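Residue numbers (the numbering used here): 82 to 267.
Spelled out as structure tokens, the structure:
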């Protein structure tokens, strides 16, 4: 199977004179450049038919949580993970911008006549999304975050396009056993 990806093409376009690969360092970009991210990636078979389409979250989505010094997570005023101490416990409001993470993968198989015989869609469930981001927030080094009380509007923006990988996606749809009649119609 021949694979062509927008990432490969894009990487070729953004190498600078000293061969620094700017795309590979996208997670280290400052917030001013945080909009750099992959939108789609395609794989093709020998007949130039799309066999795989990876779609990435393209907008600047945000997940707002508060992490405590004891490893608790507060979302919408409710403790959702860990233990939260008293009123004087140090709290770190965090806005996680997760645009650029993989959103879905579509796979398609064809028969010798070029007809679709199988499709499968993999997506991330909303409940898995929240848990993955919460776990990511708990892994942050709180010494790099600014603390704030419940009344403070201080927030710590964190940008990451690699919170989860393809293995976090689950099969959400599958079609197979297409039946074509003599005119090539399904």
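Even glycine gets a Cβ: it sits at the ideal position worked out from N, Cα and C.
Please read all numbers here as calculations on a predicted model, not as lab measurements.
Problem set entry | Contact between the stretch 138-156 and the stretch 193-204 (3+ Cβ pairs under 8 Å) | With fewer than three CB-CB distances shorter than 8 Å, the stretch 138-156 does not count as touching the stretch 193-204.
For this session: Consult DSSP for residue 258 and reduce its assignment to one of helix, strand or coil.
Result: In the structure shown, residue 258 sits in coil (DSSP, three-state: anything other than H, G, I, E or B).
Problem set entry | Close-in-space but distant-in-sequence residues of the same chain around residue 154 (CB under 8 Å, 5 per side omitted) | Answer for residue 154: 146, 147, 148, 160, 161, 162, 163, 215, 218 and 219, listed in chain order.
For this session: Any chance you could list the beta strand (DSSP E) runs of at least 3 consecutive residues sitting entirely within the stretch 188-226, in chain order?
Result: You should have 197-204.
For this session: Look up residue 159 in the DSSP assignment and say whether it is helix, strand or coil.
Result: In this structure, residue 159 counts as strand in the three-state DSSP scheme.
Exercise. Looking at residue 241 and residue 203, is the spacing between their C-beta atoms short of 8 Å?
Worked result: no
Exercise. Shortest alpha-carbon distance to residue 157 belongs to which of 222, 181, 211 and 151?
Worked result: 211
Problem set entry | Selection from 206, 208, 213 and 173 that minimises the alpha carbon distance to residue 179 | 213
Exercise. Less than 8 Å separating the beta-carbons of residue 185 and residue 250?
Worked result: yes
Exercise. Thinking C-alpha only, which one of 138, 128 and 129 is nearest residue 119?
Worked result: 138
For this session: Give the secondary structure of residue 120 by DSSP, where H, G and I count as helix, E and B as strand, and everything else as coil.
Result: coil
Exercise. DSSP state of residue 247, grouped into three classes?
Worked result: If DSSP states are grouped into helix, strand and coil, residue 247 belongs with the helices.
Problem set entry | One or two residues paired with residue 178 in a DSSP bridge | 143 and 240
Problem set entry | Identity of the residue in 121, 128 and 173 nearest residue 227 by Cα | 173
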